[in-house]
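Reading through the structure tokens given below for one structure.
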Ligand code: SF4
């Protein structure tokens, strides 16, 4: 990334972290993937139980492999050979783990965390249950405000996920959301996390670069 762009992006990260802290959430900045893993290892000690929400970011940043390699009890929904029943069981186990990992669809400079889920398991665990929630967020997902967060989802994140999942929805053809009611729709639960009652529960780690949708 051009250094001048990096300076501007970092200012947005700093502002977002400051506003997350006002909302009883913690923010961190990782210059690269090595720093990202170091922050995660400080937050989640060995022998913890962990699981993940559906996330391209966690794959692209190598966090899925990192969790597999560490000395953790990892309820791994991506493990080969799992049946739909096994995966459903992991979704429920998420509510009792020490660390829940996910990304987010957008985060505003004001520190609001915006997500859209199909099934709702990811946002449910973000909201309630796990001792700690760790969100790994590429700096590409910072937006000015909630209007921009909605637009980001409607014009990029959701249609891109529809392409990945090969769903037969209007946005698969048009490339943007028409708020359909298609049987294969992936957008059912829209959530805004405005803050936390429990300090030290929600941790957002920004990593420099373009990750996920
Ligand atoms: S609501 Fe429908 S059209 Fe909009 S992004 Fe979701 S699946 Fe696509």
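Numbering (the numbering used here), first residue to last: 4 to 216. Ideal Cβ placement from N, Cα and C applies to all residues, glycine included. These figures come from a predicted structure and were not determined experimentally.
Comparing the CB of residue 188 with every heavy atom of the ligand SF4, is any distance shorter than 7 Å? With a threshold of 7 Å, the Cβ atom of residue 188 counts as near the ligand SF4, since some heavy atom of the ligand is closer than that.
Measuring straight from C-alpha to C-alpha, what distance separates residue 138 and residue 99? Taking the straight line joining both Cα atoms gives about 17 Å.
Determine the contact status of residue 13 and residue 114, defining contact as a CB-CB distance below 8 Å. It is not a contact, given that the beta carbons lie outside the stated cut-off.
Complete runs of the alpha helix (DSSP H) confined to the stretch 39-72 [at least 4 residues]: Within the stretch 39-72, the complete alpha helix (DSSP H) runs of at least 4 residues fall at 59-63, 66-72.
Looking only at its chain, what residues have a beta carbon closer than 6 Å to the beta carbon of residue 69, apart from the 5 residues adjacent to it on each side? Here the set comprises 40.
Through-space distance from residue 33 to residue 2, alpha-carbon basis: Beyond the ends of the chain as shown, which are 4 and 216, falls residue 2; an answer cannot be given.
Collapsed DSSP secondary structure at residue 175 in the structure displayed: The answer is helix: DSSP assigns residue 175 an H, G or I state.
If you follow the beta strand (DSSP E) that residue 130 is part of, which residue opens it and which one closes it? Careful: residue 130 lies outside any beta strand (DSSP E), inside the alpha helix (DSSP H) at 124-130.
Can you list, in chain order, the residues of its chain whose CB lies under 8 Å from that of residue 65, leaving out five sequence neighbours each side? When the five nearest sequence neighbours on each side are left out, the beta carbons in the same chain lying within less than 8 Å of the beta carbon of residue 65 are those of 36, 40, in order along the chain.
Check whether the Cβ of residue 165 lies closer than 7 Å to any heavy atom of the ligand SF4, and answer yes or no. Residue 165: yes, Cβ under 7 Å from the ligand SF4.
Taking the straight line between their C-alpha atoms, what separation do you get for residue 47 and residue 31? If you take the alpha carbons of residue 47 and residue 31, they lie about 14 Å apart.
Quick one: what's residue 11 bridged to in DSSP? Answer by DSSP bridge pairing: none, since residue 11 is not bridged.
What residues match up with residue 200 in a beta bridge as DSSP calls it? The partner list for residue 200 (beta bridge, DSSP) is empty, contrary to what the question assumes.
Have a look at 38, 151, 93, 102 and flag the residue whose alpha-carbon is nearest the alpha-carbon of residue 129. Residue 102 is the option with its Cα nearest to residue 129.
To the nearest angstrom, how far is it from the Cα of residue 95 to the Cα of residue 38? If I take the Cα positions, the gap works out to 31 Å.
Go to residue 161, then tell me how far its alpha helix (DSSP H) extends in each direction, as first and last residue. Note, residue 161: alpha helix (DSSP H), 161-168.
Residue environment, residue 215, which counts as buried when at least 16 other CB atoms sit within 10 Å: Of the other Cβ atoms in all chains shown, 16 or more fall within 10 Å of the Cβ of residue 215; this residue is therefore buried.
Any heavy atom of the ligand SF4 within a distance shorter than 7 Å of the CB on residue 185? Yes, the beta carbon of residue 185 sits closer than 7 Å to at least one heavy atom of the ligand SF4.
Could you tell me if residue 206 is buried or exposed, where buried requires 16 or more neighbouring beta carbons within 10 angstroms of its beta carbon? Buried.
N-terminal and C-terminal residue of the alpha helix (DSSP H) that residue 97 is part of: That residue, residue 97, is in no alpha helix (DSSP H); it is neither H nor E in DSSP.
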